[in-house]
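Note that the protein sequences, when read in sequence, are chains S and U.
Numbering follows the UniProt record's numbering, with no gaps: position 184 of the first sequence is 184.
Numbering follows the UniProt record's numbering, with no gaps: position 320 of the second sequence is 320.
Heads up, the beta-carbon is just placed ideally off N, CA and C, and yes, glycines get one too.
See below for the structure under consideration.
Protein chains: 2
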Amino acid sequence: MNIIVQKYGGTSMANAKCVKNVANKVVRTKKKGNKVVVVVSAPAGMTDELVKRAKEVTEKPSGRELDMILATGEQISISLLAMAIKDLGEEAISFTSSQVGIFTDDNHNKAKIEAIETKKITEALDQNKVVIIAGFQGVTRNFEITTLGRGGSDTSAVAIGVALNASEIEIYTDVDGVYTADPRIVPNAHKISKISFEEMLEMAGSGAKVLHLRSVELAAKNHLPIHLRSSFTDTIGTYVTEEDENMEDVLVRGVAHTTNNAKITLANVPHTSQNIAYIFEEIANNNINVDVITQNYVDKDNLTISYTVSEDEFDSALELANRIGKEVKAQAVFGNEKVAKVCIIGVGMKSAAGVASRVFRCLANEGVEIDMVSTSDINISCIIRESDYQKAVIAIHNEFQL
Amino acid sequence: MNIIVQKYGGTSMANAKCVKNVANKVVRTKKKGNKVVVVVSAPAGMTDELVKRAKEVTEKPSGRELDMILATGEQISISLLAMAIKDLGEEAISFTSSQVGIFTDDNHNKAKIEAIETKKITEALDQNKVVIIAGFQGVTRNFEITTLGRGGSDTSAVAIGVALNASEIEIYTDVDGVYTADPRIVPNAHKISKISFEEMLEMAGSGAKVLHLRSVELAAKNHLPIHLRSSFTDTIGTYVTEEDENMEDVLVRGVAHTTNNAKITLANVPHTSQNIAYIFEEIANNNINVDVITQNYVDKDNLTISYTVSEDEFDSALELANRIGKEVKAQAVFGNEKVAKVCIIGVGMKSAAGVASRVFRCLANEGVEIDMVSTSDINISCIIRESDYQKAVIAIHNEFQL
């Protein structure tokens, strides 16, 4: 018998009406003859509410105690869904991660799943029950409660699917799939019916927030397809799967973008073997996350180094860059708080030349200046002025006839 | 080193300000050189809110799933209090009942504690940490989450105190002790400084809602004194302890009352050996809780039987009584929805005659008609018209100069 793992996000669990809607979907899947395991997130808004409660008590809640309070959100969801399913006449049982044994390392607030005990799950499935498991949370071998970080329920679902050797993972959310571009910006963007794991990884890493990055990595590693779809309709969504010949043969799969970026430049840094390593070590030591990095020779002895950081971290990152700049004898340090990143993604680019030049030409024709470029074999990322990002996304979407 | 167990109720944990106030009290106790274990309830109103969420999903939530959702309230409290204590610079650690190992039977929603593992608690105390434990909840040997029923956190605190061989249990609540009568009715009622376990059991069983009945039973059985006091002041409250010669030597310790009672009478029931047993078996089989029972011979062959039930259960209890009445050939069945119970309690009554006659005379002087009377050696319970209960309580309080 097939095991299907379904994951429902916070908006799908927001109130009693939503919970009953999810219960109906679950029961329908069960009645088709499947064994169903459901992974749920906290009701929409609850995690924020719990963080707020903690922050009212202390400015810096300890990681352990924050996980203790955050884990309650998913516990509320699992019990409500179990009640709703039983109300429809099907047997159901809810489990916390501690009860199942979803073992993680002890990095509170960003724990990684290490192992999953399947005994309780399979016993309950064999008793013809729908099994409902709290996403997002885990437990250490010492029975300390952990959480996986925002979006972690996707990863819980995939990890449970892998452990159970499920035939399919369905991730239900408030959008009906992955689009060729953000439909709010590109009205004729369309839903992608099949996307490869590699492309999805680039999309998720480049601003398409539909799936948690780690969940895609895990699914890819275990060759387990994900069906991403809406919990509010019955429409087929997007299959995230191995690259195969049935996949629509396109050069570019989609365009993703992020706007909350800032750029920092260290100009004319004397090129010594130590300088470059030192700069990025110092940035890492100060817990600033760097996204795109470019470096170019100005002349044979000097380099210009640029990198992007999150806009939230711009002030501290610039202060740090000014200090580092002095230490490495940079001629100047610049910061630009308002940049956007536009990423052009597609496995088709691997075997086709000229995609980059078409991107650059198309942006030039729109008067969009490209500040930084970084490429992999399936992704071209351009850093541009923030005010230009909408016309850039629309132009590229048209250029490649997505 | 002394171990002190402190329990704080929902009103003491209602919001961030309250939580910080509790943290201050805990830290002060710790700084006096005690090891402190704190047991907390869910923030005020949260348990009701969680029940409401469940009822929105299904009219009859399963006991297991209701416990799953209810247990989150206390989990929120323990984490917030741990954060607040750490914020004051003391080490603290929170534990759910599952983490500690507060093992109960598997009667969901009204589980009984069977055993408590003390290993995690004593380890943390030895590391100089304040230990914060979720009250109200427990776990079965099969790691199913249970709850102990309303007021169960008091019982958690006493059971933990017993397991740790604590020197004292402090139960913090929103009143500052046990009073000789309800101060809202008797303005000159005063706080009792010391009350025996026996008297407290009668008070708790008779409408004084300050302590969970089972927690007093447990403390009495283990000779562990409870200090009941307010979390909003530093005033000494009421000590609930063994009867001793230092206890104020009074005939009557206090007057308790309840108003949500209803009375049912089966009049002139032929007295056969089977009838009486049958009547109360049937009532029990229909899950109706009976409080006071009286029976009197009308003549040598016939009895009149009266009993009180909760007002909530009056309709179903009366319907049942009508059926039973026919079966046992009662001459008539009466019901009275509006009765009150007034209880006069004191260990001094054991060795003193004439307390009952003073009660009856005093009520007669006030024109209060006594409908039923039931006595134990330390408790005289009178069932009267509900409209009379205030003057009855005031009159008795004056009569015995409480």
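- Around residue 75 (chain U), the beta-carbon contacts reaching into chain S at under 8 Å are 68, 69, 71, 72 and 75.
- Residue environment analysis places residue 379 (chain U) among the buried positions, since at least 16 neighbouring C-beta atoms fall within 10 angstroms of its C-beta.
- With contacts defined as CB atoms closer than 9 Å, residue 131 (chain S) and residue 101 (chain S) fail to qualify as a contacting pair.
- For residue 254 (chain U), the enclosing beta strand (DSSP E) begins and ends at 254-270.
- Following the DSSP letters along the chain, one finds residue 284 (chain U) inside the alpha helix (DSSP H) bounded by residues 273-285.
- Within the stretch 367-400 of chain U, the beta strand (DSSP E) runs of at least 3 residues that lie entirely inside it are, in chain order, 370-376 and 379-385.
- Contact annotation for residue 84 (chain S) against chain U: 57 and 58 [CB-CB distance below 7 Å, chain order].
- The three-state secondary structure of residue 229 (chain S), taken from DSSP, is strand.
- Using a 10 angstroms sphere on the CB of residue 99 (chain U), the tally of other CB atoms reaches 16 or more, which defines it as buried.
- With a threshold of 9 Å between beta carbons, residue 62 (chain U) makes contact with chain S.
- The straight-line gap separating the alpha-carbon atoms of residue 385 (chain U) and residue 84 (chain S) is approximately 44 Å.
- Rounded to whole angstroms, residue 129 (chain S) and residue 94 (chain S) show a C-alpha spacing of 10 Å.
- A contact is defined here as three or more CB-CB pairs under 8 Å, and the stretch 195-215 of chain U fails this definition with respect to the stretch 351-368 of chain U.
- Between residue 292 (chain U) and residue 43 (chain U), the alpha-carbon positions lie close to 34 Å from each other.
- Annotated as distal: residue 169 (chain U) and residue 71 (chain U), with beta-carbon spacing of 9 Å or more.
- Measuring C-alpha to C-alpha distances from residue 157 (chain S) to each of S:354, S:199 and S:227 identifies S:227 as the nearest.
- Annotated three-state conformation of residue 148 (chain S) is coil, per DSSP.
- Taking 9 Å as the threshold, the shortest C-beta distance from residue 15 (chain S) to chain U falls below it.
- Residues of chain S with a Cβ closer than 7 Å to the Cβ of residue 143 (chain U) are, in chain order, 99.
- In the three-state scheme derived from DSSP, where H, G and I count as helix and E and B as strand, residue 126 (chain U) is classed as helix.
- Distance from the CA of residue 136 (chain S) to the CA of residue 219 (chain S), rounded to the nearest whole angstrom, comes to 16 Å.
- Per the C-alpha coordinates, the member of S:38, S:112 and S:114 positioned closest to residue 96 (chain S) is S:38.
- Residue 304 (chain U): member of the beta strand (DSSP E) spanning 302-310, first to last residue.
- At least one C-beta of chain S is nearer than 9 Å to the C-beta of residue 93 (chain U).
- By the CB criterion at 9 Å, residue 252 (chain U) and residue 210 (chain U) fall outside the cutoff.
- No Cβ of chain S is located within less than 9 Å of the beta carbon of residue 119 (chain U).
- In the DSSP assignment, residue 25 (chain S) falls within the unbroken alpha helix (DSSP H) covering 16-31.
- In terms of Cα proximity to residue 332 (chain U), the closest of U:112, U:24 and U:306 is U:306.
- When the Cα atoms are used, residue 315 (chain U) and residue 69 (chain S) turn out to be separated by approximately 43 Å.
- According to the DSSP assignment, residue 205 (chain U) belongs to the alpha helix (DSSP H) that extends over 197-205.
- Residues of chain S whose Cβ lies closer than 7 Å to the Cβ of residue 65 (chain U) are, in chain order, 79, 82, 83 and 94.
- Rounded to whole angstroms, the Cβ separation of residue 346 (chain S) and residue 240 (chain S) is 15 Å, and the two are not in contact under 8 Å.
- Contact between residue 288 (chain S) and residue 328 (chain S) does not hold, since the beta-carbon distance rounds to 16 Å and is not under 8 Å.
- Looking at S:231, S:162 and S:127, the one whose alpha-carbon comes closest to that of residue 14 (chain S) is S:231.
- Interface criterion not met: the Cβ of residue 28 (chain U) is under 9 Å from no Cβ in chain S.
- Between residue 268 (chain U) and residue 308 (chain U), the C-beta spacing is not below 9 Å.
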